[in-house]
Amino acid sequence: MIKIENLSYFFGNYQALNGVSLTLESGTITGLVGVNGAGKSTLLRLMAGCYKADIGSITYDGENVNDENTRKDIFFLPDEPYYTHQDTMKSIISMYKHFYPTLDLNTYFRLVKELNIDECKPLRACSKGMRRQIYIALAISIRPKYLLLDEAFDGLDPATRNKVKNELINMVDNYDTTIIIASHSLREIEDFCDKYAIVDDKNVKSCGDISSITEECCKFMLAFKEEASKELFVNLPVVNINVNGKFVTAVFKGEGRKIKERLIELSPVVLEEQAFDFEEAFICEVKKDDKL
Amino acid sequence: MTSFKAYFNYIFKRSILRLLVTLAIAVTATMWEALLAKEDSNMQTISIILRLLCTVVPPLELYTFKNRRNADILFSLPVSRKKQALAHYLNGLIQVLVTYACCFIAVTIYYSMALKKENLQYYFVYFLLSLILSILIYSVLMFAFNQANTVVDGVIFELLIGFGGIWVMVFFSVLFDLKSGFIYCSLYAPLGVDGLFQIVKNNSLVMTTGGVWLCVAWAIIGVACLVGYFITFERIRAEKIGGISDSIFGYKTLIPIWAYTLLATLGGLLCVFIYICMLVGYIIFRRGFKLTKSDYLAILCSLPFLVLGFTWMY
Numbered sequence: 001m002i003k004i005e006n007l008s009y010f011f012g013n014y015q016a017l018n019g020v021s022l023t024l025e026s027g028t029i030t031g032l033v034g035v036n037g038a039g040k041s042t043l044l045r046l047m048a049g050c051y052k053a054d055i056g057s058i059t060y061d062g063e064n065v066n067d068e069n070t071r072k073d074i075f076f077l078p079d080e081p082y083y084t085h086q087d088t089m090k091s092i093i094s095m096y097k098h099f100y101p102t103l104d105l106n107t108y109f110r111l112v113k114e115l116n117i118d119e120c121k122p123l124r125a126c127s128k129g130m131r132r133q134i135y136i137a138l139a140i141s142i143r144p145k146y147l148l149l150d151e152a153f154d155g156l157d158p159a160t161r162n163k164v165k166n167e168l169i170n171m172v173d174n175y176d177t178t179i180i181i182a183s184h185s186l187r188e189i190e191d192f193c194d195k196y197a198i199v200d201d202k203n204v205k206s207c208g209d210i211s212s213i214t215e216e217c218c219k220f221m222l223a224f225k226e227e228a229s230k231e232l233f234v235n236l237p238v239v240n241i242n243v244n245g246k247f248v249t250a251v252f253k254g255e256g257r258k259i260k261e262r263l264i265e266l267s268p269v270v271l272e273e274q275a276f277d278f279e280e281a282f283i284c285e286v287k288k289d290d291k292l
Numbered sequence: 293m294t295s296f297k298a299y300f301n302y303i304f305k306r307s308i309l310r311l312l313v314t315l316a317i318a319v320t321a322t323m324w325e326a327l328l329a330k331e332d333s334n335m336q337t338i339s340i341i342l343r344l345l346c347t348v349v350p351p352l353e354l355y356t357f358k359n360r361r362n363a364d365i366l367f368s369l370p371v372s373r374k375k376q377a378l379a380h381y382l383n384g385l386i387q388v389l390v391t392y393a394c395c396f397i398a399v400t401i402y403y404s405m406a407l408k409k410e411n412l413q414y415y416f417v418y419f420l421l422s423l424i425l426s427i428l429i430y431s432v433l434m435f436a437f438n439q440a441n442t443v444v445d446g447v448i449f450e451l452l453i454g455f456g457g458i459w460v461m462v463f464f465s466v467l468f469d470l471k472s473g474f475i476y477c478s479l480y481a482p483l484g485v486d487g488l489f490q491i492v493k494n495n496s497l498v499m500t501t502g503g504v505w506l507c508v509a510w511a512i513i514g515v516a517c518l519v520g521y522f523i524t525f526e527r528i529r530a531e532k533i534g535g536i537s538d539s540i541f542g543y544k545t546l547i548p549i550w551a552y553t554l555l556a557t558l559g560g561l562l563c564v565f566i567y568i569c570m571l572v573g574y575i576i577f578r579r580g581f582k583l584t585k586s587d588y589l590a591i592l593c594s595l596p597f598l599v600l601g602f603t604w605m606y
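Structure (structure tokens):
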């Protein structure tokens, strides 16, 4: 279990994170989402031990992240991983096998074999997607207890994405690995993760089950005879609303059936419930402060 | 395998090729000088090699930590920063000492066999003393390089600290009317032509009170830098890597020290040039023309030293 308590981090005078508290259960896949500059990568780097928390603590099964024994169970794959000018897909193992005794070379070579890359080709000569695949293969082969991925699917083609997702899901099933993935691709997160944490305004604004956030709200499209206004919905639990002349699209907190009953009282010409996905839930969450 | 051993093995294996290349170049250069000299040598080449090693090895050891992408992985490895710092320090030291020892052994064998020189004790005294000095210089320069957030800044810090002692000591010598001791002022000077080797060779290793104090001072500086290296390595802010090198032991202190001491000692003649250099220093530091209040304040505080320089001159 990962426990983050009252975590704050400063970049000089600028506060990047402010009192973040979050608990992540073992064997889960958590999607870390947020707008650009929200603090996702900073949080991930703090969780990996690259940065040291100014205030607060991060513990893995009760052990501090700065303890090197704890870090044996953690593997962090940043958005642009480290390799030297001469490194090849074969040579990078030399570093990791020193620190991660669990590194399974058979798995690594099985995964990279599918890429059809010359073993001696320098990584710098590989495309971004190829490099990413090599490092994901490395991460999977290490089989860490905690896997932290920053924009892991960036640069991967759809077929490879699916293959990687399946491998990662197998890790969770077979080794009880906990995966935390920071991404801007919300469809990917919804597809792949069972938990989410929205980082916004230097803190974790919301977290929980992906299924629950989409079930908590409902979305309706309405059309009126006359021009509509936001004031019509003042007494309803509106999360997000978009009024365009006679047409209104709104997200409400609560059960769809009950909200529908209340919306009928407004006498719309058209009333239609629409699918509400994680991407919309995220947009609602970060726009909460501007609503109505 | 412990995490330190694992990390050290990894970086050592990666630097073997570097060690062999350095070794080949250094031994060739040393023997070239010995063969040309035919007679006795003042160990000039070997001392230059030692100074170069002490300067070049810290960037080679620590450059991976001056790239943010690398730092992400290196700092997330299951090895503490203290152990990483120690591993790089020892690996670099091995590079310096092994290369130097091989050069020294080669040249000593040549002198004893080809030139049939028998009285070579002073070579060994010089070797031992220069080893101590090289550890001191290496420690100071590892500390200096570690203060920077980029490789370029690190090399600049090394040079400013390596040569900076001259001007500080000249300043104090003028201030207190000291006549001797300049030889030990620059970090590199004791290994120079008129330095340790001549003293040992001429059997004039007699310590004056001033000399003892200088040795004590340098030993304190060396140990302080070694401790400082470990403390500052532990406190590296990974997000600052690649950014402005704003360490208190970097530009913030080095620019004023250089400028003030130069102004006080040479200011009368070269004050305009020194001020231009100071300004350029701050522009390099800030990576732009937008200087901060503290930079302007530092420039303003140089005025008393300029006056002092003119007073001493006229």
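If you read the protein sequences in the order shown, they are chains A and B. Residue numbers for the first sequence follow the working numbering, so the first one is 1 and each next one is one higher. Residue numbers for the second sequence follow the working numbering, so the first one is 293 and each next one is one higher. Just so you know, even glycine gets a beta-carbon here, dropped at the ideal spot from N, CA and C.
Using a Cβ cut-off of 7 angstroms, which residues of the region 304 to 325 of chain B contact any Cβ in chain A, in chain order? none
Given that B/ILE453 touches chain A, what residues does it touch there, using C-beta distances under 8 angstroms? By Cβ distance, chain A contributes nothing, its closest Cβ being about 25 angstroms from B/ILE453, past 8 angstroms.
B/GLN439, DSSP secondary structure in three states: coil
Suppose you measure from the CA of A/ASP79 to the CA of A/LYS219; what does that come to, to the nearest Å? 34 angstroms
Beta-bridge pairing of A/PHE11 - partner residues as DSSP gives them: A/TYR14
Along the alpha helix (DSSP H) that carries B/PHE296, what are the first and last residues, could you check? 295 to 329
At a CB-CB cut-off below 8 angstroms, which residues of chain B make contact with A/CYS50? ALA363, ASP364, PHE367, SER368, ALA530
If contact means a Cβ-Cβ distance below 8 angstroms, which residues of the region 91 to 108 of chain A contact chain B? SER94, MET95, HIS98, PHE99, TYR100
Kindly indicate if chain A contains any beta-carbon less than 8 angstroms away from that of B/ALA298. yes
Going along chain B in order, which residues have a C-beta closer than 7 angstroms to the C-beta of A/ILE80? One detail in the question is off: residue 80 of chain A reads as Glu in this sequence, not Ile. Result: ARG361.
Which stretch, first to last residue, makes up the alpha helix (DSSP H) that contains A/PHE76? Where A/PHE76 is concerned, there is no enclosing alpha helix (DSSP H), although the beta strand (DSSP E) it sits in stretches over 74 to 77.
Which residue marks the beginning of the alpha helix (DSSP H) containing A/LEU263, and which one marks its end? 256 to 264
I'd like to know whether the C-beta atoms of B/PHE253 and B/TYR521 end up nearer to each other than 8 angstroms. With chain B running from 293 to 606 in the structure shown, residue 253 of chain B is simply not present.
Under 8 angstroms between C-beta atoms of A/ILE198 and A/SER206: yes
Range of the contiguous alpha helix (DSSP H) that encloses A/LEU44: 40 to 48
What residues from chain B crowd round A/LYS72, counting only those whose CB sits closer than 9 angstroms? SER295, PRO370
Residues bridged to B/CYS395 [DSSP beta-bridge criterion]: None, per the DSSP bridge assignment.
Which partner residues does A/THR30 have in the DSSP bridge list? A/ILE180, A/LYS195
Can you name the start and end residues of the alpha helix (DSSP H) that B/ASP587 belongs to? 585 to 592
What residue range is occupied by the uninterrupted beta strand (DSSP E) comprising A/PRO221? Residue identity differs from the one stated: residue 221 of chain A is Met in this sequence, not Pro. Unbroken beta strand (DSSP E) run through A/MET221: 217 to 223.
One question on the structure: do B/THR337 and B/ALA321 come within less than 8 angstroms of each other, judged by their Cβ atoms? yes
Check whether chain A comes within 8 angstroms of B/TYR355, counting only Cβ atoms and requiring the distance to be less than that. no
Against B/TYR302, what residues of chain A qualify as contacts under a CB-to-CB distance less than 9 angstroms, listed in chain order? SER94, MET95, HIS98, PHE99
Please identify the residue among B/ALA590, B/TYR299, B/TRP604, B/ARG578 whose C-alpha is closest to the C-alpha of A/LYS97. B/TYR299
Where A/TYR146 falls: helix, strand or coil (DSSP): strand
Cβ distance (whole Å) where A/GLU167 is taken to contact A/ILE140 below 8 angstroms: 5 angstroms
Going by the DSSP bridge assignment, what does A/CYS207 pair with across the sheet? A/ALA197
Endpoints, the beta strand (DSSP E) within which B/GLN336 is located: Per DSSP, B/GLN336 belongs to no beta strand (DSSP E); it is in the alpha helix (DSSP H), 336 to 354.
Could you tell me the distance, in whole angstroms, from the CA atom of A/ILE283 to the CA atom of B/ILE591? 51 angstroms
Are the C-beta atoms of A/GLU68 and some chain B residue less than 8 angstroms apart? yes
Expressed to the nearest angstrom, what Euclidean distance is found between the alpha-carbon atoms of A/ASN160 and B/LEU518? Asn is not the amino acid found at residue 160 of chain A; the sequence shown has Thr there. Whole-angstrom Cα-Cα distance: 49 angstroms.
Contact criterion: CB-CB distance below 8 angstroms. Does A/ARG45 meet it with respect to chain B? yes
Among residues of its own chain, excluding the 5 on either side of B/SER537, which ones have a beta-carbon nearer than 6 angstroms to its beta-carbon? ALA440, ASN441, ASP445
Excluding the five sequence neighbours on either side, which residues of its own chain have a C-beta within less than 7 angstroms of the C-beta of A/ASN66, listed in chain order? GLY49, LYS52
Can you confirm whether the region 181 to 195 of chain A touches the region 222 to 232 of chain A when touching is taken to mean that 3 or more C-beta pairs between the two stretches lie within less than 8 angstroms? no
Span of the beta strand (DSSP E) holding A/TYR175? Looking at the DSSP string, A/TYR175 is not in any beta strand (DSSP E); the run it does join, the alpha helix (DSSP H), is 158 to 175.
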